[in-house]
Amino acid sequence: MTVPETTATTATTTATTAVAVGEASGAEALRPHAEDAFADELKALAAADDRPRPARWRLSPWAVATYLQGGTLPDGTVITPKYVGPRRLIEVAVTTLATDRALLLLGVPGTAKTWVSEHLAAAVSGDSTLLVQGTAGTPEEAVRYGWNYAQLLAHGPSRDALVPSPLMRAMADGMTARVEELTRIPADVQDSLITILSEKTLPIPELGQEVQAVRGFNVIATANDRDRGVNELSSALRRRFNTVVLPLPATPDAEVDIVSRRVDQIGRSLDLPAAPEGLAEIRRVVTVFRELRDGVTTDGRTKLKSPSGTLSTAEAISVVTNGLALAAHFGDGILRPGDVAAGILGAVVRDPAADRVVWQEYLETVVRERDGWKDFYRACREVSV
Numbered sequence: 005m006t007v008p009e010t011t012a013t014t015a016t017t018t019a020t021t022a023v024a025v026g027e028a029s030g031a032e033a034l035r036p037h038a039e040d041a042f043a044d045e046l047k048a049l050a051a052a053d054d055r056p057r058p059a060r061w062r063l064s065p066w067a068v069a070t071y072l073q074g075g076t077l078p079d080g081t082v083i084t085p086k087y088v089g090p091r092r093l094i095e096v097a098v099t100t101l102a103t104d105r106a107l108l109l110l111g112v113p114g115t116a117k118t119w120v121s122e123h124l125a126a127a128v129s130g131d132s133t134l135l136v137q138g139t140a141g142t143p144e145e146a147v148r149y150g151w152n153y154a155q156l157l158a159h160g161p162s163r164d165a166l167v168p169s170p171l172m173r174a175m176a177d178g179m180t181a182r183v184e185e186l187t188r189i190p191a192d193v194q195d196s197l198i199t200i201l202s203e204k205t206l207p208i209p210e211l212g213q214e215v216q217a218v219r220g221f222n223v224i225a226t227a228n229d230r231d232r233g234v235n236e237l238s239s240a241l242r243r244r245f246n247t248v249v250l251p252l253p254a255t256p257d258a259e260v261d262i263v264s265r266r267v268d269q270i271g272r273s274l275d276l277p278a279a280p281e282g283l284a285e286i287r288r289v290v291t292v293f294r295e296l297r298d299g300v301t302t303d304g305r306t307k308l309k310s311p312s313g314t315l316s317t318a319e320a321i322s323v324v325t326n327g328l329a330l331a332a333h334f335g336d337g338i339l340r341p342g343d344v345a346a347g348i349l350g351a352v353v354r355d356p357a358a359d360r361v362v363w364q365e366y367l368e369t370v371v372r373e374r375d376g377w378k379d380f381y382r383a384c385r386e387v388s389v
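Residue numbers (our numbering): 5 to 389.
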């Protein structure tokens, strides 16, 4: 016996209630969902999109890729890039979602896996909130379903007592569900995805029923194998995914562009004034991160020790954003070396013993001797003592 319609109704009611609560709690969200923040772009793409769309997709695969990578529409509307990187990777990811294969975005921390996942779901389904956040304590109920225990004790197992997970709601409505940090979820909970991904069904043995996925359903998962607390994916589960590896930015200019764009977006959302002459400091932060990450200076002449941290693009964005706030609230509004020095120190020195030695050697052998970096060297020395 299948129950997609009933479950869909329950899921829709739950979603509607959640939206109503969100709207009632305040008109301005600190961090709007992608489908809200870029609603105008999605609307313009939908109006201009005359290509075939898979079942229940808001946009065609071509339009989804354009939304992620950016472009200019025939009416002059500019679509801002959400992901700066190889277009082919995004095309493969979008094509995967148009099939019955789930998508696994794999990469080291800070390679925009979550960002890409959210924007893909927003463009495909118009809703990026059907999310399971993976942690070491994620229970099986978060992937399958849970129970309203007051209803369960009062009336026994019933559809009214069942609490659908985001994946169950996505299956019933033909939507895209997201699973963040899949490798942080315990292995036995991970494997509860196997039936969902292979059979496209979710059994409910307590009711003698099942939820069958309708057309349009798919899953985007993200994972990395560099952080602590990683649980390897079983071969059975890995086979259910098409894997797309998101690389670190290929060039310094590409990474500077990414950091600049995101800092500008975050700064506007926090009502921070634009920092004039900030590009030089952004480039300096990116240079430091790339050299320590790669273990060699930009000119290839000096080999370096790498610290224990990842020094990702996401961390560079955080360092510059914090520096921008310091410049705006406690400085003259111009982003200077002293505004980013403490943030860089915090990003580099994760292990107080080993990483501090790496940082001191880098300061004295590279930063101190580099033309035009004297102010930066003094600022870093000041916060490093």
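Note that the Cβ used here is the ideal one computed from N, Cα and C, for glycine as well.
Is it buried or exposed, Ile338, if we count other Cβ atoms within 10 angstroms and call 16 or more buried?
Exposed, since its Cβ has fewer than 16 Cβ neighbours within 10 Å.
Quick one: grab the DSSP three-state call for Glu368.
The answer is helix: DSSP assigns Glu368 an H, G or I state.
Below 8 Å, how does it come out for the segment 91-106 and the segment 218-234: are there three or more Cβ pairs, yes or no?
At 8 Å Cβ cutoff, the stretches touch.
Indicate the three-state DSSP secondary structure (helix, strand or coil) for Leu328 in the structure shown.
Looking at Leu328 - three-state DSSP - the assignment turns out to be helix.
Do you know whose CA, among Ala48, Leu186, Glu373, lies nearest Glu236's CA?
Answer by Cα proximity: Leu186.
Looking at the structure shown, is Gly342 part of a helix, part of a strand, or coil, going by DSSP?
Gly342: helix per DSSP, three-state reduction.
Looking at Val387: is its Cβ nearer than 9 Å to the Cβ of Ala320?
Cβ distance not < 9 Å, so Val387 and Ala320 don't count as in contact.
Name, in chain order, the residues that DSSP records as bridge partners for Pro90.
BP columns for Pro90 are empty, so no partner.
Beta-carbon separation of Arg242 and Leu108 under 9 Å?
Closer than 9 Å, so yes.
Secondary structure at Trp151, three-state DSSP: helix, strand or coil?
Correct three-state label for Trp151: strand.
Mapping the DSSP letters down to three states, classify Leu250 as helix, strand or coil.
Here Leu250 sits in coil by DSSP.
Assign Val389 to buried or exposed, taking buried as 16 or more other Cβ atoms, counted over all protein chains shown, within 10 Å of its Cβ.
Its Cβ having fewer than 16 others within 10 Å, Val389 is exposed.
So, with DSSP's three-state summary, where would you put Thr226?
It is a strand residue.
Figure out for me which residue from Ala357, Ala51, Ala351, Phe293 has the closest Cα to the Cα of Val371.
Of the candidates Ala357, Ala51, Ala351, Phe293, the one whose C-alpha sits nearest the C-alpha of Val371 is Phe293.
Considering only residues of the same chain and omitting the five flanking positions on each side of Asp53, which have a CB-CB separation below 8 Å?
Answer for Asp53: Leu63, Ser64, Trp66, Ala67, listed in chain order.
Hey, how far is the Cα of Asp229 from the Cα of Asp79?
About 43 Å.
Report the rounded CA-to-CA distance for Arg354 versus Pro251, giving the unit in angstroms.
When rounded, the distance between both Cα atoms is 23 Å.
At least one CB of chain B closer than 9 Å to the CB of Met179: is that the case?
Absence of chain B from the displayed structure is noted, only one protein chain being present.
Can you check DSSP and say which residues form a bridge with Ala106?
DSSP lists Phe245 as partners of Ala106.
Taking the alpha carbon of Ala41 as the reference point, which residue from Ser273, Thr247, Leu201, Lys309 has its own alpha carbon closest?
The option with the nearest alpha carbon to Ala41 is Ser273.
Is the segment 214-221 in contact with the segment 161-176, if contact means three or more CB pairs nearer than 8 Å?
Cβ pair count under 8 Å is three or more, so yes.
Can you tell me which of the three DSSP states Arg188 falls into?
In this structure, Arg188 counts as helix in the three-state DSSP scheme.
Could you please give the first and the last residue of the uninterrupted alpha helix (DSSP H) stretch that includes Val267?
256-273 is the extent of the alpha helix (DSSP H) around Val267.
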